[in-house]
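Take a look at the structure set out below.
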Amino acid sequence: MVAGMVRAATIEVGPRHRITSIKSALELAADGDTIRVVGGTYREGNLAIHKRVAILGVDHPVIDGQKQYEPLSIFAPNVTIQGFTIEASGQSAVTDIAAVKIYDTHHVTIADNVFDDNFFGVYIQGSSQCTIRNNRLTAYGKTEQLTGNGIHAWKSDSLHIGGNTVTGHRDGIYLEFVTHTEVRDNHSLNNRRYGLHFMFSHDNGYYYNTFTNNGAGVAVMYTKHVRMEHNVFSENWGDAAYGLLLKDITDSHVAHNVFSRNTTGILMEGSNRIQMQRNQFQGNGWALKIQASCMDNRLTQNNFVQNTFDVATNGSLVLNTFEHNYWDKYEGYDLDKDKEGDVPYRPVSLYSMVVEKYPMAMLLFRSFMVVLLDRTERVLPSLTPENLKDDRPLMNPVDL
Amino acid sequence: MNKIIKYVIADLLRSRTILVYTAVLLVLSFSVFSMEDNADKGVVSLLNIVLFVVPLVSIIFSTVYLYNSAEFMELLVSQPLRRNVIWMSIFIGLAGAVSLAFAVGVGIPVIFYAATASGLILVLCGCALSLIFVSVALWAAVRIRDKAKGIGLAILLWLYFALLFDALVLFLLFQFSDYPIENGMVALSLLNPIDISRILILLQIDISALMGYTGAIFRSFFGTGGGVALTIAVLILWSAVPLWFSLRFFKRKDL
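See the structure below:
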């Protein structure tokens, strides 16, 4: 082992070097070696890596999958792939072909690469302690079926996914059965389906990511102990598009996020014990849709500004707490000057319930009739859930 | 013609009602904008005022003015002037004065506080509504000789456009919600200039909510070039058609 470390050599690959293909360099290399690849295009079919090597690209050499092959398959631990342009992986409806696929291993690093026009970008299965950092992934799929996910992880543990930009894939980042993972500083834009999609992925954290203009926003399901903080969810527009869809998420934290200009900021379904704090909801159609199947959620110190509707729900049972939020539609007063309104605020308006049932009624929104109906309902709630109210709404926005 | 227009406008601009109307709009708009912390919210608050007050003032004020200047019109008719010149001059004078009052009263604060697309559309819609309701007033006043009845009709027309029409649409919407009524509803809303203005502004400030299911229908109609052209055409029709009817009637009227 020690001898191996000492022997670690660097193998140069390039059109003007003795070794001109990555494949032959891989054959020559021993565990612990570094392969430096200089510019040019390498069309070598599938490169299967079974040794612990670092493959570094200088000036972004291109590894081309010629629309047939899986360019890189990693089977060994401690492999690093850095500084390449990997493009044109094969496409298949049967096997999930990726530009880089990591098979049942650990400590793999994929950093500073450009992925262009691939089916899946980075595909991690059954692996742990891998790092996917500062990559740029672009795909041009016309439909959800014709493109794979940008960063796809399955049955993995302790991954670090940071600083990547994903556009045009099916899901920007997709995690299934992935635990103890940190997803940080990524940008996921203009993807066909979801910007971020995870299921059964417990104990993960998502920080400082931006999810913009994805086909259906962000959808997360069947997971507990999730932390989502300092993310931006914006411009996810459409009937079934959500800034954030929380389905069967429990014991989680959603804090310091910005939800801006989405058709629905957050839709919560069957989600329990979620702490929502210090989020900014701005310019959404519906800031928050909270179904009656949710309970014991706590919403405190959030700002609701310029949303068409603040909160909508589908039943009269309310088992969630709204407290100390700032609502820009609040019209109450603060006589004792403790910066909390003295009368409760009811964020569910009658008309939001009408629109829920008859979507076409949106045509009459803000007409005098509708304003009248809403006012009457606010004074004497009969159709809107009586208990859904903020007893101590803030008079001024929370500093975030 | 120019002389009559000039006279009518000068007469109107000196009238206390128009001055008070302008001042009230100015004070209201400035206070709304200085109370609300962001421009779009100010526009929303002003929206209700514009959709409610502007048609009311335009239609009532014009009807009253027409009845009060019946003698002046008789004098004009006795002169060697063509009747449509007289009638058109009165329309232009009235419409000019009322929309000028609105443009000053709301336009200036909007330029100061909310020079956004929604603000500008608000001002344009307000001017269009002023024109339309002056034209409707002309028709009401020329049809009915009795002043009290005429003003009554004007109030009824305003009530219909501002309130009853929406109630009717809401009723139809609930009744026929099981049917594919989307296009019909859009067509129906074109029958009310107040609704058209409201939807145009809605498309600016509630765009996120409108991007949902119905939004697609909204946007595919009102958001496209053809839709915008059609809405503008409909608004022009709304001011031209009552005017044309009133003109036809005025030409044959035995004063």
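Just so you know, the sequences run in chain order A and B.
Here the first sequence stands for residues 1 to 400, where the numbers follow this note's numbering.
Here the second sequence stands for residues 401 to 655, where the numbers follow this note's numbering.
Using N, Cα and C, we set each Cβ at its ideal position, and we do this for glycine too.
Note that the coordinates shown come from a computational prediction; the quantities given were computed from them, not determined experimentally.
> Between ILE249/A and ALA587/B, what straight-line distance do the alpha-carbon atoms span, to the nearest angstrom?
Replying inline: Your numbering for residue 249/A matches position 249 in the first sequence. Your numbering for residue 587/B matches position 187 in the second sequence. Distance between the alpha carbons of ILE249/A and ALA587/B: 43 Å.
>> Between which residues of its own chain and ILE459/B is the CB-CB distance below 7 Å, once the five residues before and five after are set aside?
In response: On the second sequence, residue 459/B is found 59 positions in, with the first residue counted as 1. For ILE459/B, where only same-chain residues beyond five positions count, the Cβ hits under 7 Å are PHE533, VAL536, ALA537, ALA554, LEU557, TRP558.
>> To test your reading of the DSSP string, which unbroken beta strand (DSSP E) runs of 3 or more residues are found completely within the segment 107-167 of chain A?
In response: 109-111, 114-116, 120-125, 131-133, 136-138, 151-154, 160-162, 165-167
> What number of angstroms, rounded off, separates the C-alpha of GLY172/A from the C-alpha of SER188/A?
Replying inline: For this step, residue 172/A is matched to residue 172 along the first sequence. For this step, residue 188/A is matched to residue 188 along the first sequence. One C-alpha to the other measures close to 6 Å.
> Between which two residues does the alpha helix (DSSP H) harbouring ALA541/B extend?
Replying inline: As a working note, residue 541/B is residue 141 in the second sequence. Here the alpha helix (DSSP H) through ALA541/B covers 517-543.
>> Taking the beta carbon of ARG545/B as the centre, do at least 16 other beta carbons fall within 10 Å, making it buried, or is it exposed?
In response: Translated into the one-based positions of the second sequence, residue 545/B becomes position 145. ARG545/B comes out exposed.
> Using a C-beta to C-beta distance shorter than 8 Å, which residues of chain A count as neighbours of LYS441/B?
Replying inline: The residue given as residue 441/B occupies position 41 in the second sequence. Residues of chain A passing the Cβ test: GLN306, ASP328.
> What does a CB cutoff of less than 6 Å around ALA551/B pick up in its chain, not counting 5 residues either side in sequence?
Replying inline: In the second sequence, the residue the question calls residue 551/B occupies position 151. Position check: residue 551/B holds Ile in this sequence, whereas Ala was assumed. Around ILE551/B: THR463.
>> Alpha carbons only, please: which of LEU394/A, SER252/A, LEU350/A, ASN387/A is nearest the one belonging to THR376/A?
In response: In the first sequence, residue 376/A corresponds to position 376, counting from 1. Among LEU394/A, SER252/A, LEU350/A, ASN387/A, the Cα nearest to that of THR376/A belongs to LEU350/A.
> Would you call THR321/A buried or exposed, if buried means 16 or more other Cβ atoms sit within 10 Å of its Cβ?
Replying inline: Stepping through the first sequence from its first residue, residue 321/A is reached at position 321. Exposed, by the Cβ-count rule.
> Below 7 Å between beta carbons: does that hold for PHE115/A and ILE161/A?
Replying inline: As a working note, residue 115/A is residue 115 in the first sequence. As a working note, residue 161/A is residue 161 in the first sequence. No. Outside cutoff.
>> Counting only beta-carbon separations shorter than 7 Å, does ASN284/A have a partner in chain B?
In response: Residue numbering aside, residue 284/A sits at position 284 when the first sequence is read from its first letter. Yes, ASN284/A counts as interfacial toward chain B.
> Taking just the CA atoms, how far does VAL62/A sit from GLY270/A?
Replying inline: In the first sequence, counting from the first residue as 1, residue 270/A sits at position 270. In the first sequence, counting from the first residue as 1, residue 62/A sits at position 62. Roughly 46 Å separates the two Cα atoms.
> Is the Cβ of ARG619/B closer than 7 Å to any Cβ of chain A?
Replying inline: For the purposes of this step, residue 619/B is taken as the residue at position 219 of the second sequence. Chain A contact via Cβ: absent.
> Which residues in chain B sit within 8 Å of ALA153/A, going by Cβ to Cβ distance?
Replying inline: The count along the first sequence starts at 1 and reaches residue 153/A at position 153. Residues of chain B passing the Cβ test: none, with the nearest at roughly 31 Å.
>> Quick check for students: name the residue ranges of the beta strand (DSSP E) that lie wholly in the segment 172-257 of chain A, counting only runs of 3 or more.
In response: 173-176, 182-184, 187-189, 196-199, 205-207, 210-212, 217-224, 227-229, 232-234, 242-255
> What does PHE452/B reach in chain A if we use C-beta pairs closer than 8 Å?
Replying inline: In the second sequence, the residue the question calls residue 452/B occupies position 52. Those are PHE368, listed as they occur along chain A.
> Hey, quick one: how far does the alpha helix (DSSP H) through THR313/A stretch, first residue to last?
Replying inline: Start at 1 with the first residue of the first sequence, and residue 313/A comes out as number 313. Neither: THR313/A is in no alpha helix (DSSP H) and is coded neither H nor E.
> beta strand (DSSP E) containing GLY57/A: first to last residue?
Replying inline: Locating residue 57/A in the first sequence gives position 57, where the first residue counts as 1. Run containing GLY57/A: 54-58, per the beta strand (DSSP E) assignment.
>> Can you find the residues in the same chain that come closer than 6 Å, C-beta to C-beta, to VAL108/A, ignoring five residues on each side of it along the sequence?
In response: Position 108 of the first sequence holds residue 108/A. ILE74, VAL79, ILE102, CYS130.
> Since ILE404/B contacts SER499/B with CB under 8 Å, what's their CB separation in whole angstroms?
Replying inline: Against the second sequence, residue 404/B aligns to sequence position 4. Against the second sequence, residue 499/B aligns to sequence position 99. No, ILE404/B and SER499/B are not in contact; Cβ-Cβ is about 18 Å, not under 8 Å.
> Along chain B, which residues have their Cβ under 7 Å away from the Cβ of ASN430/A?
Replying inline: With chain A running from 1 to 400 in the structure shown, residue 430/A is simply not present.
>> Just to confirm the assignment, what range does the beta strand (DSSP E) spanning ARG273/A have?
In response: Taking the first sequence and counting its residues from 1, one reaches residue 273/A at position 273. From DSSP, the beta strand (DSSP E) with ARG273/A extends over 272-277.
> Cα separation between SER252/A and SER201/A?
Replying inline: As a working note, residue 252/A is residue 252 in the first sequence. As a working note, residue 201/A is residue 201 in the first sequence. Whole-angstrom Cα-Cα distance: 12 Å.
> Where do the N-terminal and C-terminal ends of the alpha helix (DSSP H) with LEU630/B fall, by residue?
Replying inline: Taking the second sequence and counting its residues from 1, one reaches residue 630/B at position 230. Unbroken alpha helix (DSSP H) run through LEU630/B: 625-652.
> With a CB to CB cut of under 8 Å and the five nearest residues on each side skipped, what residues in its chain are close to GLU323/A?
Replying inline: Along the first sequence, one-based indexing puts residue 323/A at 323. Hits under 8 Å: ARG298, LEU299, THR300, ASP390, ASP391, ARG392.
> Between the C-alpha atoms of GLY215/A and ASP31/A, what's the straight-line distance to the nearest angstrom?
Replying inline: Taking the first residue of the first sequence as 1, we reach residue 215/A at position 215. Taking the first residue of the first sequence as 1, we reach residue 31/A at position 31. Their Cα atoms are separated by approximately 43 Å.
> Where LEU28/A and ARG52/A are concerned, what is the direct C-alpha to C-alpha distance, given to the nearest angstrom?
Replying inline: As a position in the first sequence, residue 28/A is number 28, starting the count at 1. As a position in the first sequence, residue 52/A is number 52, starting the count at 1. Each residue's Cα considered, the two are about 12 Å apart.
>> I need the DSSP call for PHE502/B, collapsed to helix, strand or coil.
In response: As a first step, residue 502/B is located in the second sequence; it is residue number 102 there, counting from the start. Correct three-state label for PHE502/B: helix.
> Is PHE304/A near TRP286/A, with beta carbons less than 7 Å apart?
Replying inline: Within the first sequence, residue 304/A is the residue found at index 304, counting from 1. Within the first sequence, residue 286/A is the residue found at index 286, counting from 1. Going by C-beta atoms, PHE304/A is not nearer than 7 Å to TRP286/A.
>> DSSP three-state label for GLN306/A, please.
In response: Your numbering for residue 306/A matches position 306 in the first sequence. Coil.
> What residue range is occupied by the uninterrupted alpha helix (DSSP H) comprising PHE75/A?
Replying inline: Locating residue 75/A in the first sequence gives position 75, counting from the first residue. PHE75/A -> no alpha helix (DSSP H), and no H or E assigned at all.
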